[in-house]
Structures are given as structure tokens and as C-alpha cells.
Amino acid sequence: MTEQTMIKSFRDKNLELFYMESKRDRAIPATIERQLAKKLDMLAAAHNERDLFIPTSNYYKRLSGQFDGWSSMRVNIQWRLMFQWNDGYAESIYLDPHQDT
């Protein structure tokens, strides 16, 4: 975890404990832990949302429709970090099992 973090809040308590205290939880698949920690560190270090577009493997997106006001960042092909970007801070972060529809 970085000292100066742009992460303001988590919607998912298990994800918060994973990031803040390195506590594992079965709700977070072991196969994505390393990549998830890396993506959370990127999110914490971002000074603005433009920082999240690089690397392109983040697949950072501003969402619309029923998720208007939300953003997503790819952890792997199946999982996304979902969050709201407000006043330079990531809020209400949770891990979402992504499904193409």
C-alpha cells in the first residue's frame, strides 16, 4: 500500500482488508491475488484518471447506462475492479466478476 493514496473508500470489506492488511479471503480467488494487488497499487498511485489508461492492459473504461458514473479496470479476463472516480479519488471500490453480454 502506498503512503499517499488516491483510494478513498471500498464498497467491499473483503477487498479493503486484502489491500490494507494483506488479508486473504476466499471471496478473492487466489489466482488473481498478485495481479489484483498490482492494480490496486496503480489505482492508489493515480493522480488523475488519465493515469489509469496506461498500461493499455488495464482496459480502463468510463462506464455508461446503468453504470453511469462508474469506471472499471481489468484485473484479468474474468474480473474487473469497479469504482467511482470523484474529485481525484477512487471510491466505492469492489471486485466484479465480469461477464460479456
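The sequence shown begins at 0 in numbering that gives the first Met the number 0 and counts up one residue at a time. We treat Cβ as the ideally placed atom computed from N, Cα and C, and that holds for glycine.
Using the rule of at least 16 other Cβ atoms within 10 Å of the residue's Cβ for burial, across every protein chain shown, is residue i buried or exposed?
i: A89; result: buried
i: I27; result: buried
i: S21; result: exposed
i: S8; result: exposed
i: F17; result: buried
i: M72; result: buried
i: R79; result: buried
i: M41; result: buried
Judging by CA-CA distance, which residue of the options is the nearest neighbour of residue i?
i: I31; options: Q77, I92, Q98, K60; result: Q77
i: G87; options: V74, T55, D50; result: D50
i: N75; options: F66, N57, M81; result: N57
i: M81; options: L39, N47, T55, A45; result: L39
i: L124; options: T4, L35, M19; result: An answer regarding residue 124 cannot be provided, because it is not within the stretch 0 to 100 covered by the chain.
Assuming residue i and residue j form a contact by the criterion Cβ under 8 Å, report the distance between their Cβ atoms to the nearest whole angstrom.
i: I6; j: A43; result: 5 Å
i: Q83; j: G64; result: So it is not a contact: roughly 15 Å between Cβ atoms.
Over what stretch of residues does the beta strand (DSSP E) that includes residue i continue unbroken?
i: D95; result: 88–96
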